[in-house]
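Below you'll find the structure, written out as structure tokens, and then a few comments.
Residue numbers (my numbering): 469 to 1414.
Here it is as structure tokens:
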């Protein structure tokens, strides 16, 4: 693709600012200006107003219309919206990054602009400064703001306008422009990882890895119950690992066990854990006795955990209502609904599933209400970066020293916490909502809490602007109201008994947003009814996908006319309803629209805390939800599925499927689809998935459907010298055997032992007469060489084996991208010159140029420098009974290549494949002296030549 040396080119994609579109010429027969106009019309947007950058894809023809905020004033502008237009189908895909805490950013923006743009030099100077300190060295990580700012800071710099300035000694990580979006608001990050951000939470998470706490104890930590406020008693503590770990974390814990700790006192506590106890008791009455005894000890909360039945892994001989295991122990495997019903009947309480086989039973109903309200709360969008005021406004504000600024500075900490609370509650905080210490300080400084709130609102409007503060408060109120509707909807889905009294904070919320409890329940019930509305679910899934929350699969299921007579109109209407699914990582659930949180929350009522899984699949039309758990989801580019749970909302049932020896764990392909730019390792995962897609485009793998099995993919990658290294797909770094396949038709020996000089040396070393050597040459690249020929390389004293693994990889790429297609189209080739080591090059008579001809592949000289900086690999070959001009033209027209030298219709051609992909064609013609003279010609001219 040629755009008069204009545009930022990445692979086969070109990025241009809309101001540069006027200079775009027709390329490869495509009128790109006309195509952009069609895309603009299809997306219903206007250049300049809604998008300012276009991306042109030479391979697929796709056109992306991109909106980068503050393109000219932001040194590395962030992507806000994108529209992707596919000319083949007319489909338009949309994504907004308005809520993203880690949006894609743009580098080298001067390349997108016309050459005469007045700020070209300013932008280019920034790019050169970034290059000079190595910021572009790792291209995988620089495309997203968080990773980019981390890289800038790691290099010891900060961004100031369009300049990179060294960090001073007093500047701390997270300061200035490096500060993450989470630091802009005190509330940021608080909701995203933990319900309490204190010392105990952080240390406890570390300790869990160290001590391997049990599932029920981990659930308590996840929900904020292990922050040091509560005493815990482990009833049936076994060997006491959980108790020991909690004590070493400074928490108050004790335990009792009939076998391992029978002398320890049985005592009441705020939290009582009955972990995997009742499932090992074979007598039903004894189970009930243990359960009721544990409940009698719980002052606030009882945690019960059991083993769940696995549909794919039946174990042991039947005994009573359980099985006898291979260790001669009893195990009762429960279904989730079964253990829930047991607790309800035995304790006359309504348990709350929080994890697979882990349920909470609250004695403290205020604590239960707080737990449920917080569990269904949306944690999100207001925490994104605020729109920055113009630089001049900021300077003017910094110069003002009015009384309001001084008063804010004097009470900054309590005022910031009050603002955080306002945004969290979605309403003005009441005295009862404020912390006692803050209330005292604010009353002292402003007289009353109401006056402090009025002051705070004026200050924020002055600092941020009227429109932004209004939007922020309206958004917070809307989100909080939706959270309450989700909570009330799920209470009614569970058919929980009405509470005798509402928790005080909940009372204030309901009064502020609904007026009274009856109106609140009505609003919640209306939300609940929506989960049966397939159209509404489909629309909510589309909204989620538009905001980067998961991957939307939409399946067409329109019935044919013949279906009407067979199924009836009702069945056909059902088939025409929206279908497909939305798949996303569980960390994104809290950002979903309220309707989907109700849908997922209903599944959580049956199953427990969904965050024990890695992925969620919302089935749009069937009322089902699937949970998937993988082996090291974050650490592996291709995590393997360990467990799949299907929750059937209409039947209110749960099926659990495990993977292991009987059902091999499958790989998860294209993981980046189900996470987004805020997920750890996202840039690396995107790069990996794109590399895998490239292998599919080359025909090496087929990722359609569920993709190949893990074993099949591993075998394919090994055959083609690829390996998965963490989150990277890279070439194998060890040499292959010479007789290993090199592409579909050849082996590595064919490309290494094919030169005339090498064969002559081998023949001489093997003691073969001249006639035999000629016979060897006639056989070309036949694989059936004698054992004497195979030993010949050792005996010649010439080592023509590549020393660099990259050379083998380059030969393989040459075979796969060029030689295999040629053989497939024209028949077997005869290789006349292949890989050439420095030792062999010294033996070749005549004029060769190892520094340019690419026959040395990636080999290095004695000083460690590349012999041929062009890299890649090259061969010379001929096809018997074919006009080599036609062969050369076919390559030029149909295949990617680096350089091609044409010597004549009956002569071998030289062709290389390398990273430059220069597509240079050189025709060798006899000069006046009879010597061949190279003449470079364009691809178009070569294809037209006679």
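Cβ atoms here follow ideal geometry from the backbone N, Cα and C, with glycine treated the same way. Fair warning: this is a prediction, and the values are worked out from it, not measured in the lab.
Identified DSSP bridge partners for residue i
i            : result
residue 627  : 632
residue 1484 : Since the first residue of the chain shown is 469 and the last is 1414, residue 1484 is not available in this structure.
residue 1019 : 1051
residue 1404 : 1390
residue 1378 : 1344 and 1369
residue 532  : 523 and 552
residue 741  : 702 and 771
residue 826  : 773 and 823
residue 546  : 573
Limits of the unbroken alpha helix (DSSP H) element including residue i
i            : result
residue 1009 : 1002 to 1014
residue 1365 : Per DSSP, residue 1365 belongs to no alpha helix (DSSP H) and is neither H nor E.
residue 833  : 833 to 843
residue 880  : 880 to 893
residue 517  : Segment: none, residue 517 is in no alpha helix (DSSP H) and carries neither H nor E.
residue 1162 : 1150 to 1165
residue 608  : Careful: residue 608 lies outside any alpha helix (DSSP H) and carries neither H nor E.
Spatial distance of residue i from residue j (CA atoms)
i            : j            : result
residue 898  : residue 884  : 16 Å
residue 1222 : residue 1357 : 24 Å
residue 1185 : residue 1193 : 12 Å
residue 532  : residue 568  : 19 Å
residue 928  : residue 894  : 16 Å
residue 1048 : residue 777  : 28 Å
residue 1286 : residue 1371 : 18 Å
residue 1329 : residue 1305 : 10 Å
residue 514  : residue 506  : 11 Å
residue 802  : residue 509  : 57 Å
residue 1083 : residue 1140 : 12 Å
residue 1396 : residue 1402 : 13 Å
residue 1196 : residue 1103 : 11 Å
residue 812  : residue 821  : 12 Å
residue 742  : residue 989  : 34 Å
residue 1065 : residue 1379 : 58 Å
residue 1094 : residue 1052 : 11 Å
residue 740  : residue 1161 : 51 Å
residue 1070 : residue 1116 : 10 Å
residue 979  : residue 914  : 26 Å
residue 1382 : residue 542  : 37 Å
residue 545  : residue 975  : 44 Å
residue 1080 : residue 690  : 10 Å
residue 1089 : residue 1118 : 12 Å
residue 953  : residue 947  : 10 Å
residue 961  : residue 1150 : 36 Å
residue 938  : residue 882  : 22 Å
Residue i, enclosing beta strand (DSSP E) - first and last residue
i            : result
residue 1344 : 1341 to 1346
residue 1198 : 1196 to 1199
residue 1121 : 1121 to 1126
residue 702  : 700 to 703
residue 486  : Here residue 486 belongs to no beta strand (DSSP E), and DSSP marks it neither H nor E.
residue 448  : Residue 448 lies beyond the residue range present for the chain, which begins at 469 and ends at 1414; the question has no answer from this structure.
residue 476  : 476 to 478
residue 1137 : No beta strand (DSSP E) holds residue 1137; DSSP gives it neither H nor E.
residue 1192 : 1190 to 1193
residue 723  : 721 to 724
Check: residue i C-beta below 7 Å from any heavy atom of the ligand PLP
i           : result
residue 682 : The ligand content of the structure shown is nil, which means the ligand PLP is not present either.
Kindly confirm or deny that the stretch 1001 to 1012 and the stretch 1053 to 1062 touch, where touching means at least three C-beta pairs closer than 8 Å. yes
If contact is defined by three or more beta carbon pairs under 8 Å, each pair taking one atom from either stretch, is the stretch 572 to 590 in contact with the stretch 552 to 564? no
Considering only residues of the stretch 746 to 810, which uninterrupted beta strand (DSSP E) runs meet the minimum length of 3 residues and lie entirely inside it, listed in chain order? Runs of the beta strand (DSSP E) inside the stretch 746 to 810: 766 to 773, 785 to 787 and 790 to 792.
Segment contact, 8 Å Cβ cut-off, at least three pairs: the stretch 787 to 796 with the stretch 1099 to 1118: Not touching, per the Cβ criterion.
Below 8 Å, how does it come out for the stretch 1317 to 1327 and the stretch 1264 to 1283: are there three or more Cβ pairs, yes or no? yes
Tell me whether the stretch 759 to 767 and the stretch 717 to 733 touch, counting them as touching only if at least three CB pairs, one residue from each stretch, are closer than 8 Å. no
The stretch 1123 to 1142 contacting the stretch 585 to 604, beta-carbon criterion three pairs below 8 Å: No: the two stretches stay apart, fewer than three of their Cβ pairs being nearer than 8 Å.
Could you tell me whether the stretch 604 to 612 touches the stretch 515 to 526, where touching means 3 or more Cβ pairs closer than 8 Å? Three or more Cβ pairs closer than 8 Å define a contact, and the stretch 604 to 612 falls short of that threshold against the stretch 515 to 526.
Could you tell me whether the stretch 1167 to 1183 touches the stretch 1122 to 1135, where touching means 3 or more Cβ pairs closer than 8 Å? yes
Three or more beta-carbon pairs under 8 Å between the stretch 963 to 972 and the stretch 823 to 838, yes or no? yes
Residue ranges of each alpha helix (DSSP H) within the stretch 963 to 995, 4 or longer: 972 to 981
Would you say the stretch 744 to 756 touches the stretch 727 to 736, given that touching needs at least three Cβ pairs under 8 Å? no
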